[in-house]
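Participant: In case it helps, the numbering used here puts the sequence shown at residues 186 to 421.
This is the structure, below, for whatever I ask next.
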Amino acid sequence: MTGPLKLRVLVVDDHALVRHGFRAILASETDIDVIGEASDGREAISIASRHRPDVVLMDVRMPVMDGIQATRLITEDPHLPDTKVIVLTTFDMDEYVFGALRAGASGFLLKGVEPSQLIDAVRTVADGAALLEPSATRRLIEAFTSGAGDGDSAAATLPDDLTTRETEILTLIAAGSTNAEIAERLVISPLTVKSHVSRILTKMDARDRTQLVVMAYESRLVTPGPRQNGRSDPVS
Numbered sequence: 186m187t188g189p190l191k192l193r194v195l196v197v198d199d200h201a202l203v204r205h206g207f208r209a210i211l212a213s214e215t216d217i218d219v220i221g222e223a224s225d226g227r228e229a230i231s232i233a234s235r236h237r238p239d240v241v242l243m244d245v246r247m248p249v250m251d252g253i254q255a256t257r258l259i260t261e262d263p264h265l266p267d268t269k270v271i272v273l274t275t276f277d278m279d280e281y282v283f284g285a286l287r288a289g290a291s292g293f294l295l296k297g298v299e300p301s302q303l304i305d306a307v308r309t310v311a312d313g314a315a316l317l318e319p320s321a322t323r324r325l326i327e328a329f330t331s332g333a334g335d336g337d338s339a340a341a342t343l344p345d346d347l348t349t350r351e352t353e354i355l356t357l358i359a360a361g362s363t364n365a366e367i368a369e370r371l372v373i374s375p376l377t378v379k380s381h382v383s384r385i386l387t388k389m390d391a392r393d394r395t396q397l398v399v400m401a402y403e404s405r406l407v408t409p410g411p412r413q414n415g416r417s418d419p420v421s
């Protein structure tokens with residue numbers, strides 16, 4: 186008789202001490218199995234392709250191949266549809282981290298995170314949620330999209346088949362509302378909201394809510410400024 190399936194995690198960082206530290210923290214949990222370590226993006230892709238981890242903890246600044254390109258290749262791989270990426274960073278206001286979010290990462294963590302937060306993050310992302318550091322993620326996205334209207338850069342476009350209701354819900358997601366809060370605000374059931382969110386993800390070819398927030402800002406559906414629903418932080 187086999188026991189419950191463990192969450193499979195790949196740790197990627199060019200510093201052995203960091204890798205070993207994260208591995209020791211995660212391996213202490215009975216529901217988590219660290220299936221490997223990688224010191225650069227190319228190695229990470231190779232290991233991920235062979236072992237198909239549930240979560241990849243990905244450093245962004247590495248030799249050979251950085252974490253942005255590795256994240257993009259992993260999240261675009263049709264053989265790894267369920268593999269999620271958490272970016273590891275030293276500074277939250279980092280263009281590399283924003284690049285990784287755009288490339289498909291589900292969120293990011295500071296390398297100095299508490300062990301309990303690291304463990305919770307892995308479980309949260311594996312469960313399909315995102316935006317691990319709500320306030321920091323929001324600030325990061327705003328910081329690197331606030332200038333999108335300047336210069337010659339054009340706004341990204343939303344899918345033509347996005348309905349008025351779906352656009353309304355996307356705006357609330359970008360503002361930080363949970364499904365329950367959206368349901369209450371629009372006077373619809375949480376199950377209906379969940380169905381709408383699923384369709385929005387499909388139409389926008391997004392992996393999770395983090396990607397929807399990035400796309401909402403880049404399309405200028407929402408812009409940096411006061412929160413539309415009174416919240417200060419987005420949550421999953």
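Ideal placement from N, C-alpha and C gives every residue a C-beta, glycine not left out.
1) Which residue from 228, 247, 245 and 266 puts its Cα closest to that of residue 237?
2) Do the CB positions of residue 309 and residue 288 come within less than 8 Å of each other?
3) Report the three-state DSSP secondary structure of residue 296 (helix, strand or coil).
4) With DSSP run on the structure shown, which of helix, strand or coil describes residue 191?
5) What is the DSSP secondary structure of residue 373, counted as helix, strand or coil?
6) Could you compute how far the alpha carbon of residue 232 sits from the alpha carbon of residue 255?
7) So, helix, strand or coil for residue 221, using DSSP?
8) Buried or exposed: residue 215, going by 16 or more other Cβ atoms within 10 Å of its Cβ?
9) Start and end of the alpha helix (DSSP H) containing residue 274?
10) Can residue 397 and residue 347 be called in contact, C-beta distance under 8 Å?
11) In angstroms with no decimal places, state the Cα-to-Cα distance between residue 248 and residue 375.
12) Whole angstroms are fine: how far does the CA of residue 250 sit from the CA of residue 371?
13) Hey, would you say residue 243 sits closer than 8 Å to residue 220, going by beta carbons?
14) Use the C-beta contact count for residue 239: other C-beta atoms within 10 angstroms, 16 or more gives buried, fewer gives exposed.
15) Let me make sure I understand the geometry here. Which of 301, 313, 325 and 299 has the alpha-carbon closest to that of residue 281?
16) In the structure shown, what three-state DSSP assignment does residue 197 receive?
17) Note down the Cα distance separating residue 403 from residue 293, rounded to an integer number of angstroms.
18) What three-state label does DSSP hand residue 401 in the structure shown?
19) With residue 382 and residue 368 assumed to form a contact (beta carbons below 8 Å), what rounded beta-carbon distance in angstroms separates them?
20) Could you give the first and the last residue of the continuous beta strand (DSSP E) run that contains residue 242?
21) Between residue 218 and residue 192, which are expected to be in contact by the criterion C-beta below 8 Å, what is the C-beta distance as a whole number of angstroms?
22) Nearest CA to the CA of residue 387: which residue from 345, 360 and 228?
Facilitator: Based on what the coordinates show:
1) Counting from 1 along the sequence shown, the entry for residue 237 is found at position 52. Answer by Cα proximity: 266.
2) Here the question's residue 309 lines up with position 124 in the sequence shown. Here the question's residue 288 lines up with position 103 in the sequence shown. Contact: no.
3) Start at 1 with the first residue of the sequence shown, and residue 296 comes out as number 111. For residue 296, the three-state secondary structure derived from DSSP is coil.
4) By 1-based counting over the sequence shown, the position of residue 191 is 6. It is coil, neither helix nor strand.
5) Position 188 of the sequence shown, counted from the start, is the residue given in the question as residue 373. In the three-state reduction of the DSSP assignment, residue 373 falls in the coil class, being assigned neither a helical nor a strand state.
6) Translated into positions along the sequence shown, residue 232 becomes position 47. Translated into positions along the sequence shown, residue 255 becomes position 70. Distance between the alpha carbons of residue 232 and residue 255 is about 12 Å.
7) One-based indexing of the sequence shown puts residue 221 at position 36. In this structure, DSSP gives residue 221 an extended state, which the three-state scheme calls strand.
8) Residue mapping note: residue 215 aligns to position 30 of the sequence shown, counting from 1. Under the 10 Å beta carbon count, residue 215 is surrounded by fewer than 16 other beta carbons and is classified as exposed.
9) Reading the sequence shown from its first residue, position 89 is the one you call residue 274. Element bounds for residue 274: not the alpha helix (DSSP H) but the beta strand (DSSP E), 269 to 274.
10) For the purposes of this step, residue 397 is taken as the residue at position 212 of the sequence shown. For the purposes of this step, residue 347 is taken as the residue at position 162 of the sequence shown. Not a contact, by the Cβ cut-off of 8 Å.
11) Translated into the one-based positions of the sequence shown, residue 248 becomes position 63. Translated into the one-based positions of the sequence shown, residue 375 becomes position 190. Residue 248 and residue 375 have their C-alpha atoms roughly 45 Å apart.
12) Taking the sequence shown and counting its residues from 1, the one referred to as residue 371 is at position 186. Taking the sequence shown and counting its residues from 1, the one referred to as residue 250 is at position 65. Between the alpha carbons of residue 371 and residue 250 lies a gap of roughly 45 Å.
13) For the purposes of this step, residue 243 is taken as residue 58 along the sequence shown, with counting starting at 1. For the purposes of this step, residue 220 is taken as residue 35 along the sequence shown, with counting starting at 1. For residue 243 and residue 220, no; Cβs fall outside 8 Å.
14) If you number the sequence shown from 1, residue 239 lands on position 54. So residue 239 ends up on the buried side.
15) Residue numbering aside, residue 281 sits at position 96 when the sequence shown is read from its first letter. 325 is the residue among 301, 313, 325 and 299 whose C-alpha sits nearest the C-alpha of residue 281.
16) Translated into positions along the sequence shown, residue 197 becomes position 12. In the displayed model, residue 197 falls within a strand according to three-state DSSP.
17) The sequence position of residue 403 within the sequence shown is 218, counting from 1. The sequence position of residue 293 within the sequence shown is 108, counting from 1. A direct Cα-Cα distance of roughly 19 Å separates residue 403 from residue 293.
18) Position 216 of the sequence shown, counted from the first residue, corresponds to residue 401. Residue state for residue 401 is assigned as helix, using DSSP reduced to three classes.
19) For the purposes of this step, residue 382 is taken as residue 197 along the sequence shown, with counting starting at 1. For the purposes of this step, residue 368 is taken as residue 183 along the sequence shown, with counting starting at 1. Going by Cβ atoms, the distance from residue 382 to residue 368 rounds to 11 Å, so no, they are not a contact pair.
20) Against the sequence shown, residue 242 aligns to sequence position 57. Where residue 242 is concerned, the enclosing beta strand (DSSP E) stretches over 240 to 244.
21) Translated into positions along the sequence shown, residue 218 becomes position 33. Translated into positions along the sequence shown, residue 192 becomes position 7. About 7 Å; that satisfies the 8 Å criterion.
22) In the sequence shown, residue 387 corresponds to position 202, counting from 1. The option with the nearest alpha carbon to residue 387 is 345.
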